[in-house]
Each structure stands twice: as structure tokens, then as C-alpha cells.
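Here's the structure we're looking at; comments come further down.
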Amino acid sequence: GFGLDKDLSSGINAEYGQLNASEISESKGMVYMEKAAKHGNITALLTVAQAYQDGLYSVEKRWSKAQKYYQAYLDVTENLSSTDDMSTFEPRYQILAKLAEMLCTGGFGLDKDSNRSGELYSEAAEAAMSSMNGRLANKFYMLAEEAWSSE
30 GFGLDKDLSS GINAEYGQLN ASEISESKGM VYMEKAAKHG NITALLTVAQ
80 AYQDGLYSVE KRWSKAQKYY QAYLDVTENL SSTDDMSTFE PRYQILAKLA
130 EMLCTGGFGL DKDSNRSGEL YSEAAEAAMS SMNGRLANKF YMLAEEAWSS
180 E
């Protein structure tokens with residue numbers, strides 16, 4: 030009789046209530062993140078693309094949407110000069126490789142396109158090479174060859 034049962038059950042309800050609130054705040058956060066991405070915010074573009082690629086932040090995997098946001102990220106960052114601080118952003122070759130990987134297998138609303146995948150891996154290799162990352166460039170060239178041979 031110290032009211033422990035009542036305290037215990039209200040604690041459990043509060044805990045599950047927080048879970049729902051967390052899911053709600055994640056989906057609200059994604060709405061705002063997508064709005065920021067549509068306005069060309071680089072961090073938002075990358076975050077939204079990764080969310081759709083991996084099914085993060087209470088969104089379903091949708092590679093077709095991930096592709097759209099990754100491409101927008103590449104378009105926006107391509108226009109940045111080398112004097113801009115690119116250290117806070119994903120290297121171009123990594124984004125190109127993510128796009129290539131998704132197109133290589135297809136799925137989650139994205140059609141398989143081995144030829145385009147090979148082109149993107151090749152582009153990623155060139156970008157890695159210009160970033161003085163030869164070992165990674167070789168890996169991307171090999172993946173490009175694999176993609177083209179699976180056509």
C-alpha cells in the first residue's frame with residue numbers, strides 16, 4: 030500500500046509515451062530537414078539522402094528518393110570553390126560510389142542500371158584520384174568493371 034503499483038504503471042506509460050514522442054519528433058524533424066534540403070542546404074541534402082538510403086529517422090528505405098537527394102548534393106557541392114571548407118562535407122567520390130552501389134543492385138523504388146553504375150564508379154575513381162586516394166580509386170575502377178560486366 031504505498032502506491033507503488035500506481036507509480037510503476039505511470040512510469041511504464043511515460044516510457045512508452047516517450048517512444049511515441051520520439052518517433053513523432055523524428056518524422057517532424059524529417060519534414061523540416063526535407064524542406065531545408067529543397068532549399069539547397071548541404072547538410073540537409075546529405076542527411077535526407079542517407080535517411081532514404083538506409084531507412085533512418087522513421088522513414089522507409091526509398092533509393093529513388095536517396096538518388097535524387099544525393100544528386101542534388103553533388104550539384105550543389107560541385108559549384109563550391111576549393112577555398113570553401115569542404116572538410117565538413119562528404120567527399121564527392123563517396124557520394125558517387127553510394128549512387129553507383131544503389132544502381133548496381135537496384136531496389137527500394139530504384140531500377141537497376143549496371144551501365145550507369147559503372148559510369149558513376151568510374152567518376153568516383155577519378156574524383157578519388159584527384160583527392161590523392163589512389164588505393165580507393167583502384168577499388169572504384171574495379172567496381173566499375175564489375176558493374177559493366179554484369180550488364
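Residue 30 is where the sequence shown starts when you use the numbering used here, and the numbers rise one by one after that.
From the three backbone atoms N, C-alpha and C, an ideal C-beta is built for every residue, glycine too.
Reduced DSSP category for residue i - H, G, I as helix; E, B as strand; rest coil
i	result
G136	strand
F169	helix
E52	helix
E180	coil
K141	coil
S160	coil
E119	coil
L125	helix
L149	helix
L103	helix
Pair within 8 Å by beta-carbon distance, residue i and residue j
i	j	result
L109	L125	no
Y122	S160	yes
S146	A101	no
V105	G69	yes
E180	N144	yes
E119	L75	yes
Residue i at chain B interface by Cβ criterion, 8 Å
i	result
A78	Annotation note: the requested chain B is absent from the structure, which comprises a single protein chain.
Nearest-angstrom beta carbon gap, residue j and residue i [assumed within contact, 8 Å]
i	j	result
L128	Y99	5 Å
Report task. Enumerate, from N- to C-terminal direction, the unbroken alpha helix (DSSP H) stretches of 4 or more residues contained entirely within the segment 58–94. Result -> 71–83
Report task. Please confirm if the segment 130–150 is in contact with the segment 85–103, defined as three or more CB-CB distances below 8 Å between the two stretches. Result -> yes
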